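Report on the following structure.
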Amino acid sequence: MEGKVVIVTGAGSGIGRAASLLFAEKGARVAVVDLDPAGGAETVEQIERGKGEAILIEADVSSTDQVQAMVRKTVDAFGRLDYAFNNAGVEAGLIPLDQYAEEVWDRTLSVNLTGVWLCMKYEIPEMLKTGGGAIVNASSAAGVIGVPQHYAYVASKHGVVGITKSAALEFGGQGIRVNCVCPGMIDTPMTERFVPDGARPMLEEGHALKRFGTAQEVAETVVWLCSDAASFVTGHAMLIDGGITAQ
Ligand SMILES: NC(=O)c1ccc[n+]([C@@H]2O[C@H](COP(=O)([O-])OP(=O)(O)OC[C@H]3O[C@@H](n4cnc5c(N)ncnc54)[C@H](O)[C@@H]3O)[C@@H](O)[C@H]2O)c1
2 MEGKVVIVTG
12 AGSGIGRAAS
22 LLFAEKGARV
32 AVVDLDPAGG
42 AETVEQIERG
52 KGEAILIEAD
62 VSSTDQVQAM
72 VRKTVDAFGR
82 LDYAFNNAGV
92 EAGLIPLDQY
102 AEEVWDRTLS
112 VNLTGVWLCM
122 KYEIPEMLKT
132 GGGAIVNASS
142 AAGVIGVPQH
152 YAYVASKHGV
162 VGITKSAALE
172 FGGQGIRVNC
182 VCPGMIDTPM
192 TERFVPDGAR
202 PMLEEGHALK
212 RFGTAQEVAE
222 TVVWLCSDAA
232 SFVTGHAMLI
242 DGGITAQ
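Spelled out as structure tokens, the structure:
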């Protein structure tokens, strides 16, 4: 990935940080994008400590203006755009349908689904200028199965699978591959916030591999999907879920 440029959103924590570090290790220059500048700055620092190259861009992926600026700043700094990991996302609690607040629905959809769509909308024209690229979007195991009381998150992640396939079909003829990853439970700050006290053993048991995954395990797949090793893979929703959806 020497000479290549990647945007990673939600790069200030968890899976996004692990992917940013791995892209940098493979030689890519990384635009570290996050709503939280402190988390993003820590990721940039870790990349630079490893002798990689990165810039910090503070942006909310649910804002059209900020996503446009994110792409512009990346190209201003690095001159091109080859890959994107549209990973920024928010959890929503498990809430019974009759108590589900529309604000939770709206915010979850606007970050997890509209955010991914906006990123692709402004990233792809830049990739076309250099003849192609590769995008990985963040879906979830909850993008392929239902979860009781998890309406907004499940809807957003199923939506990501759908728009990933649509973009793969629209741009495959122009050298752009678009895939998404569907992780099971991964050990990150999001999971620490989401998993209720005492529920972890039961959730681990639900995975065929009887454990949660690591951010590094997802990062390896994301970087592979962007690499030339995955040159015939597009429109795919790749499960990295320890077998939670296998039953
Ligand atoms: N952790 C899991 O078990 C798991 C499982 C399946 C899918 N995912 C998905 O993977 C992605 C990363 O999850 P994680 O576990 O690393 O979460 P995390 O909470 O550890 O990190 C998410 C990062 O995204 C940033 N972010 C949130 N809203 C943003 C916005 N509007 N604009 C820009 N940045 C924003 C946060 O500041 C944070 O740094 C998410 O899309 C999540 O839904 C996570």
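This note's numbering puts the first residue of the sequence shown at 2, with every later residue one more than the last.
Backbone N, C-alpha and C fix where the C-beta goes; we use that ideal spot for every residue, glycine too.
Predicted model only: the values in this text are computed from it and were never measured.
Cα-Cα separation between residue i and residue j, rounded to whole angstroms
i      : j      : result
Ile177 : Met128 : 8 Å
Ser140 : Val234 : 17 Å
Thr10  : Met203 : 31 Å
Met71  : Ile58  : 7 Å
Ala19  : Val34  : 13 Å
Ala247 : Val161 : 20 Å
Ile125 : Ala135 : 9 Å
Ala153 : Gly144 : 11 Å
Cys120 : Thr75  : 13 Å
Ile164 : Ser228 : 21 Å
Val148 : Asp242 : 15 Å
Ser63  : Thr115 : 6 Å
Ala209 : Lys130 : 43 Å
Val1   : Lys211 : For residue 1 there is no data in the structure shown, the boundaries of the chain being 2 and 248.
Gly15  : Glu218 : 11 Å
Ala200 : His159 : 25 Å
Helix, strand or coil at residue i according to DSSP, with G and I counted as helix
i      : result
Leu23  : helix
Arg30  : strand
Thr246 : coil
Gly134 : strand
Thr189 : coil
Glu59  : strand
Gly1   : Lying outside 2 to 248, the shown extent of the chain, residue 1 is not represented and no answer is given.
Chain-order list of residues whose beta-carbon lies under 7 Å from that of residue i (same chain, five-residue window excluded)
i      : result
Gly132 : Gly176
Val224 : Ala20, Leu23, Phe24, Lys27
Met191 : Gly15, Glu92
Close beta carbons around residue i, own chain, < 6 Å, minus the five adjacent residues each side
i      : result
Ala169 : Val179, Thr235, Gly236
Arg30  : Val6, Glu54, Phe79
Ile56  : Ala32, Ala78
Asp37  : Gly13
Sub-9 Å separation of residue i and residue j beta-carbons
i      : j      : result
Gly28  : Glu3   : yes
Ala142 : Pro184 : yes
Thr44  : Gly13  : yes
Val182 : Asn113 : no
Gly214 : Asp198 : no
Ile8   : Asn87  : yes
Other residues of its chain near residue i: CB distance less than 8 Å, five sequence neighbours each side excluded
i      : result
Glu205 : Met186, Lys211, Arg212, Phe213
Three or more C-beta pairs under 8 Å: does that hold for the region 95–105 against the region 6–24?
The region 95–105, when compared against the region 6–24, does not touch it at the 8 Å Cβ threshold.
Can you confirm whether the region 99–118 touches the region 41–58 when touching is taken to mean that 3 or more C-beta pairs between the two stretches lie within less than 8 Å?
no
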